[in-house]
Each structure stands twice: as structure tokens, then as C-alpha cells.
Amino acid sequence: INDSFTADDWIEVYRQLVYWELELKEADSSMHDMLKMQKTEANAAFCKFIKRNYMDWMKDRDKSPVMSPDLFKKYIFPALDNGEKPFLIVMDNFRYDQWRILSQELAELFTFDEQLYYSILPTATQYARNAIFSGLMPEQISRMFPDLWVDEDSEEGKNLNESPLIRTQIERYRRKDTFSYNKVNDSASADKLMSQFNNLLQNDLNVVVVNFIDILSHSKTDSRMMRELANDEAAYRSLILSWFRHSSVRELFRSMAATGRKVMITTDHGSIMVNHAVKIAGDRTTNTNLRYKLGKNLGFNPKDVYEISEPLKAHLPSPNVSTSYIFCTEADYFVYQNNFNNYASFYKETFQHGGVSLEEMIIPFITLNPKKK
13 INDSFTADDW
23 IEVYRQLVYW
33 ELELKEADSS
43 MHDMLKMQKT
53 EANAAFCKFI
63 KRNYMDWMKD
73 RDKSPVMSPD
83 LFKKYIFPAL
93 DNGEKPFLIV
103 MDNFRYDQWR
113 ILSQELAELF
123 TFDEQLYYSI
133 LPTATQYARN
143 AIFSGLMPEQ
153 ISRMFPDLWV
163 DEDSEEGKNL
173 NESPLIRTQI
183 ERYRRKDTFS
193 YNKVNDSASA
203 DKLMSQFNNL
213 LQNDLNVVVV
223 NFIDILSHSK
233 TDSRMMRELA
243 NDEAAYRSLI
253 LSWFRHSSVR
263 ELFRSMAATG
273 RKVMITTDHG
283 SIMVNHAVKI
293 AGDRTTNTNL
303 RYKLGKNLGF
313 NPKDVYEISE
323 PLKAHLPSPN
333 VSTSYIFCTE
343 ADYFVYQNNF
353 NNYASFYKET
363 FQHGGVSLEE
373 MIIPFITLNP
383 KKK
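Read in order, the letters of the sequence shown correspond to residues 13 to 385 in my numbering.
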């Protein structure tokens with residue numbers, strides 16, 4: 013942890029933390045507590061690293077690590093150029109430790125090539141997933157395709173334009189690839205996709221967004237029963253595993269393996285279990301996310317947050333001249349001063365995303381090669 017100075021160093025630290033977390037899940041509690049402390053220490057150091065380096069990455073994107081807008085250019089287009097016709101599965105809010113658990117279920121069908129890369133900030137679907145599909149930073153999307161970008165304060169859904177964004181990226185690179193785009197929100201939409209599966213094989217690229225894990229993380233916030241079922245990281249992972257084993261998405265992977273085509277799995281961002289409330293003041297237009305806020309008159313303690321006071325330099329839309337973005341680091345979450353204790357206890361130990369942590373920012377990109385039968 014103390015010797016990590018580069019983006020790649022931190023990827024390696026996170027890889028090892030996840031490895032030991034899964035190895036020690038059956039171990040005695042003192043070992044587990046020690047690892048937990050190490051993870052907390054690692055996150056504190058990682059957040060300092062991001063504060064020092066993130067704006068430099070934004071200033072010179074050629075020197076930054078692989079980030080959300082780079083995925084198509086770096087991984088998808090080269091596969092298409094090789095004559096492969098891959099499936100791209102984007103699992104919303106999917107972390108590396110969760111992938112390690114699901115990989116055991118897929119090992120009979122595929123061999124894996126694992127990469128980890130960085131989500132942009134905010135680590136939220138509206139920003140990171142739109143950046144993946146468009147190959148652009150959020151500010152560029154809002155400027156070049158204003159009709160495809162939805163502002164924070166709009167009532168409209170923030171991810172209704174993903175298929176058009178993919179098209180803009182393919183066209184910008186003057187490519188002729190055909191593609192399909194499907195979203196799986198529940199078992200009915202998964203079954204519908206399976207019924208049309210053979211039609212997908214006519215496309216060069218098939219993109220499938222799977223929303224289950226994101227829905228699960230939000231229901232843990234809203235439902236007392238889900239809080240009991242997913243009361244810690246290990247329980248949360250086993251819930252995801254149980255869903256996968258019994259879902260149509262598993263059948264989708266079987267069907268994809270049978271085609272012999274490459275499958276790529278990634279996500280837009282991860283999430284972190286929050287446990288420390290930080291006070292914030294904002295007006296009525298401030299967004300509702302618990303891990304990042306944007307607005308013009310935010311009241312906060314600068315020591316508690318990572319602030320981007322010039323959004324355009326971070327390639328983020330700036331609805332007002334004086335808009336700034338602030339991000340929670342480590343396991344913090346924002347709570348307004350009115351009724352502070354009530355909301356602080358309500359959101360404690362829920363999974364949130366949008367801020368700066370290893371779990372939210374360092375995310376998997378996995379290439380699955382079907383095993384020859």
C-alpha cells in the first residue's frame with residue numbers, strides 16, 4: 013500500500029485485497045478484522061492518490077490509465093477488426109470481488125482474461141456508462157449531442173439514450189459495424205432476449221445491459237428484509253451468486269458459449285458499503301446521490317471531500333458558472349443537516365456509488381473465450 017505510486021500499482025493492491033478477502037471469508041474473525049483494517053488503510057491512501065492525480069489524467073488523457081471512454085477504442089473495436097463478433101455484457105454496479113465469485117460458475121464454459129480499469133468520476137451510471145457507450149467524456153456528450161445528454165435536475169431517465177450513443181461512437185470512427193442493444197431489468201426481459209437470441213447472431217456486436225445488481229443495491233437501502241439478507245459484503249456476494257445461479261442470465265451465458273464467440277463483461281462503476289455520515293448543505297436543486305453532489309452553493313468541510321471546483325477541466329458538464337462537484341471518499345456518505353441523525357442511521361451500511369474508493373473506481377473488464385467442446 014505504501015509503495016503504490018501509479019494507477020497500475022493500485023490495481024495490483026486492489027486485486028490482492030480482493031484475493032485475500034475471498035480466501036479468508038471462512039477464516040477466523042481476527043484474520044478477517046485485520047484484512048478489513050488493511051482495506052480501510054488502502055482506501056484512505058488510494059483517495060489521496062486520486063486527489064493528487066485525477067485532474068492530471070483529465071488534462072492529458074494520453075497519460076491517464078484506461079478509463080470509461082476508452083473501452084470501445086481499446087478492446088471492442090480491435091476485436092471487431094479481427095473479424096470476431098463479440099457480445100458485450102455491461103453489468104451495472106458490478107465489482108471485481110463479485111466477478112471473482114461468478115467466474116466460478118462460468119469456468120466450465122469459458123477461459124478468462126481479466127483486466128481492471130478505472131471508472132471516471134462521478135462513479136455513477138449517468139456519467140460512466142454514457143462515457144463507455146459514447147467514447148466521450150460527459151461534457152463532450154452534453155456539448156456535441158445535447159439531445160442525448162440529460163441534466164441532473166431533469167425528471168427524464170438518465171440512461172434512455174444508450175443505443176444512439178453507441179451509434180455516434182461507431183459513426184465517429186467511420187465504422188460500418190452492425191450492433192444490437194438490449195437491457196435486462198427483470199426475468200421477463202431476460203426471457204424475451206433469449207427468445208430472440210438467434211437473431212442477435214446476424215450482428216457484428218451485441219450489447220446487453222444487465223441491471224439486477226444495481227437494483228439489488230438500491231433495494232438494500234429501501235427494504236428492511238434486504239438489509240438483513242445482505243448485512244455484510246460476504247452476504248451480499250452470496251445473494252448475487254444465488255440470483256445468478258437461478259436467473260435467465262446464466263442461460264444467456266450458456267447460449268453465448270455455444271456460439272463460440274468471444275464474450276466481454278464489464279461494468280460502469282462499483283459500489284462501497286458506507287458507514288460514516290458527512291454533513292452537507294445544499295439548495296433545492298442539489299442532486300440526491302449520497303456519494304457526490306453538484307451545485308453552486310454547497311456548504312461542506314473541505315477536509316471531508318474531494319472537490320472539483322472547475323468541472324470543465326474534469327470534462328464534466330457545468331450547468332452554472334459557479335457549479336462545483338464534491339465527492340465522498342473512503343466509506344463516507346453525505347447527509348443534510350436537517351434531521352441529520354435520522355438519515356445518518358437510515359443510510360449507514362448501505363451500498364452506495366458516485367464517489368472515490370477502490371471498490372467504485374477500479375472495475376473489471378473480462379474477456380471470456382468459450383471452451384472448445
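All residues carry an ideal CB built from backbone N, CA and C; glycine is no exception.
Counting of Cβ neighbours within 10 angstroms places tyrosine 185 among the exposed residues, the total staying below 16. Distances from the CA of valine 290 to each of Pro329, Asp344, Arg107, His327 were compared; the closest alpha carbon is that of Asp344. For phenylalanine 191, the three-state secondary structure derived from DSSP is strand. The straight-line gap separating the alpha-carbon atoms of tryptophan 255 and proline 90 is approximately 33 Å. Per DSSP, serine 16 lies in no alpha helix (DSSP H) segment and is marked neither H nor E.
Cβ neighbours of glutamine 364 within its own chain (closer than 7 Å, five residues either side excluded): Ser283, Ile284, Val286, Leu302, Arg303, Tyr345. Taken in chain order, the whole beta strand (DSSP E) runs of length 3 or more contained in the stretch 115-172 are 122-130. For lysine 291, no alpha helix (DSSP H) run applies; the uninterrupted beta strand (DSSP E) run containing it begins and ends at 288-292, by DSSP. Counting of Cβ neighbours within 10 angstroms places asparagine 243 among the exposed residues, the total staying below 16. The count of Cβ pairs closer than 8 Å, one atom from the stretch 95-102 and one from the stretch 43-62, stays below three, leaving the stretches out of contact.
Per DSSP, lysine 360 lies in no beta strand (DSSP E) and is assigned neither H nor E. For the options Asp203, Lys360, Glu174, the alpha carbon positioned closest to that of isoleucine 144 is the one of Glu174. Excluding residues up to 5 positions away in sequence, Val78, Phe377 lie with their Cβ nearer than 6 Å to the Cβ of tyrosine 129 in the same chain. Short of 8 Å from the beta carbon of aspartate 226, and not among the five residues preceding or following it, lie these beta carbons of its own chain, in chain order: Asp104, Asn105, Thr137. The straight-line gap separating the alpha-carbon atoms of proline 134 and serine 201 is approximately 28 Å. A straight-line Cα-Cα distance of about 26 Å links serine 115 and aspartate 45. Rounded to the nearest angstrom, the Cβ distance from isoleucine 375 to tyrosine 193 is 20 Å, too far for a contact under 8 Å. Separation of leucine 34 and glutamine 28 (C-alpha to C-alpha, rounded to the nearest whole angstrom) is 10 Å. For asparagine 218 and phenylalanine 224, the gap between their C-alpha atoms comes out near 19 Å. A Cβ-Cβ distance of about 5 Å is found for the pair leucine 328 and proline 150, placing them in contact under the 8 Å criterion. If one requires a minimum length of 4 residues, the alpha helix (DSSP H) runs lying completely within the stretch 213-296 are 224-234, 236-241, 245-258, 260-271, in chain order.
Boundaries of the beta strand (DSSP E) harbouring lysine 305: 304-307, taken from the DSSP string. Note that the stretch 265-281 does not touch the stretch 328-338; fewer than 3 beta-carbon pairs, one per stretch, sit closer than 8 Å. Comparing alpha carbon positions, the residue from Asp203, Lys71, Lys195 closest to serine 260 is Asp203. Less than 8 Å separates the beta-carbon of valine 102 from that of valine 221.
DSSP, read as helix, strand or coil, puts asparagine 211 in helix. By a beta-carbon distance limit of 8 Å, asparagine 142 contacts leucine 177. Their separation comes to about 6 Å.
Taking the C-beta atoms as reference points, phenylalanine 58 is found no nearer than 8 Å to asparagine 381. Looking at the backbone, the Cα of serine 235 and that of tyrosine 355 are separated by about 15 Å.
In this structure, DSSP gives glutamate 371 a helical state, which the three-state scheme calls helix.
Per DSSP, the unbroken alpha helix (DSSP H) holding serine 42 starts and ends at 41-71.
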